[in-house]
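In terms of my numbering, the sequence shown opens at residue 606 and continues consecutively. Only one structure is covered here, and it is reproduced in the block below.
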Amino acid sequence: MARIPKHIFPAAAVVFLFCFCGCATLFKAAVPASGLNASRLIASVKQRRDEVISFKGIGRLEIAADGNKQTTRMVWIGARPKKLRIEIFGAPGQPAVTILINGSTFYLYEHQDNRCFQGKATEANLSRFVSLPLSAEDLICLLSGQPPIVPFHHASIKAENQQGDCLLRLYGKWRRLVEKIWLTDKGRCTERFQLFDRWGNLKYTATFSRFQVMEGVCFPQKIIISHVQGKTLSLDVERFWTAIPIPDDAFTLELSDTEVVDLDS
606 MARIPKHIFP
616 AAAVVFLFCF
626 CGCATLFKAA
636 VPASGLNASR
646 LIASVKQRRD
656 EVISFKGIGR
666 LEIAADGNKQ
676 TTRMVWIGAR
686 PKKLRIEIFG
696 APGQPAVTIL
706 INGSTFYLYE
716 HQDNRCFQGK
726 ATEANLSRFV
736 SLPLSAEDLI
746 CLLSGQPPIV
756 PFHHASIKAE
766 NQQGDCLLRL
776 YGKWRRLVEK
786 IWLTDKGRCT
796 ERFQLFDRWG
806 NLKYTATFSR
816 FQVMEGVCFP
826 QKIIISHVQG
836 KTLSLDVERF
846 WTAIPIPDDA
856 FTLELSDTEV
866 VDLDS
């Protein structure tokens with residue numbers, strides 16, 4: 606199989622999130638002040654996630670690794686349950702890389718070399734380009750402004766202060782921690798989350814800040830992804846829209862005389 610070029614990492618590391626235009630005064634799915642409950646909090650987070658059915662964003666991504674920093678512009682469009690398209694732009698402002706998730710299939714197209722990497726939309730395949738252990742669901746959730754909820758067996762909740770901030774912990778089999786979610790304002794905003802692998806080791810931390818409210822849902826305007834090996838991805842979002850119409854061909858690639866590399870062969 607063809608070797609994956611190193612220069613793909615800064616562009617394809619393009620994985621995180623956005624700003625939001627418009628503002629509403631009321632939040633949705635708030636947990637009552639009378640008490641916090643893990644199952645109700647999880648249902649609230651899932652409801653807000655699922656309400657972002659389609660979305661589009663424009664932003665600037667900074668990648669920091671090994672003492673170096675690179676910045677790239679990107680736009681993205683997504684639709685639940687599992688469709689996402691990301692366009693990475695080079696220095697002249699021309700498309701450099703297109704990343705596409707369409708159901709169970711993942712594509713990464715290099716415009717300059719007219720080469721397309723194609724395979725199953727697995728964490729293993731995505732990680733080969735972004736150098737982070739991200740699943741397709743993680744990426745879609747991040748770029749829609751919400752935390753993922755990974756499969757779990759049971760949950761616990763801990764109040765952090767009297768203002769309603771709390772820490773939600775999700776556990777898998779054998780009581781192994783799979784996710785932590787820090788929630789503010791009685792569970793209505795996600796401030797931070799951490800994902801863990803099946804052995805309980807930290808995979809990455811995502812921090813949300815500069816919140817804005819759209820149609821009753823709290824969204825971050827800035828997301829920072831911190832990897833355990835020291836890589837940091839920081840996304841500032843300039844514009845963001847939800848409930849947008851999706852063109853029929855938004856999640857397809859028109860390729861001509863393109864070299865196709867099978868990631869699963």
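Even for Gly, the Cβ is constructed at its ideal location relative to N, Cα and C.
If I measure Cβ to Cβ from residue i and keep anything under 8 Å in the same chain, skipping five residues before and after, which residues do I get?
i	result
residue 816	794, 823, 824, 825 and 826
residue 683	659, 660, 661, 689, 690, 745, 748 and 749
residue 858	703, 705, 712, 714 and 721
Per DSSP, which one or two residues make a beta bridge with residue i?
i	result
residue 841	665 and 827
residue 700	694
residue 670	673
residue 789	794
residue 774	761 and 785
residue 728	In DSSP, residue 728 forms no bridge with anything.
residue 822	819
Please classify residue i: does DSSP put it in a helix, a strand, or coil?
i	result
residue 783	strand
residue 656	helix
residue 735	helix
residue 706	strand
residue 744	helix
residue 857	coil
residue 682	strand
residue 650	helix
residue 627	With a pLDDT of 32 at residue 627, under the threshold of 50, the modelled position of that residue is not reliable, and no figure is offered here.
residue 870	coil
Going by beta carbon distance, what residues of the same chain come within less than 6 Å of residue i, once the five residues before and after it are set aside?
i	result
residue 742	753
residue 740	728
residue 708	687
residue 654	751
Which residue marks the beginning of the alpha helix (DSSP H) containing residue i, and which one marks its end?
i	result
residue 807	Taken as a continuous stretch (DSSP letters only), residue 807 belongs to no alpha helix (DSSP H), being part of the beta strand (DSSP E) at 807-819.
residue 765	Counting along the chain, residue 765 falls outside any alpha helix (DSSP H), and DSSP gives it neither H nor E.
Considering residue i, what are the terminal residues of the beta strand (DSSP E) in which it resides?
i	result
residue 796	794-801
residue 722	720-725
residue 867	864-867
What residues in its chain sit with their C-beta under 7 Å from that of residue i, if we drop five residues either side in the sequence?
i	result
residue 761	643 and 774
residue 782	774, 776, 801 and 805
residue 897	Residue numbering for the chain in the displayed model covers 606 to 870; residue 897 lies beyond these limits and cannot be assessed.
Take every Cβ of the segment 643-652, pair it with every Cβ of the segment 798-813, and state whether three or more of those distances are shorter than 8 Å. A contact between stretches requires three or more CB pairs, one per stretch, nearer than 8 Å, and the segment 643-652 fails this requirement with the segment 798-813.
Stretch pair the segment 832-842 + the segment 859-868: three plus CB contacts closer than 8 Å: The segment 832-842, when compared against the segment 859-868, does not touch it at the 8 Å Cβ threshold.
Are there three or more Cβ pairs, one per stretch, closer than 8 Å when the segment 840-851 is compared with the segment 760-770? Judged by Cβ distances under 8 Å, the segment 840-851 makes no contact with the segment 760-770, as fewer than three pairs qualify.
Does the count of Cβ pairs from the segment 698-705 and the segment 714-721 closer than 8 Å reach three? Cβ pair count under 8 Å is three or more, so yes.
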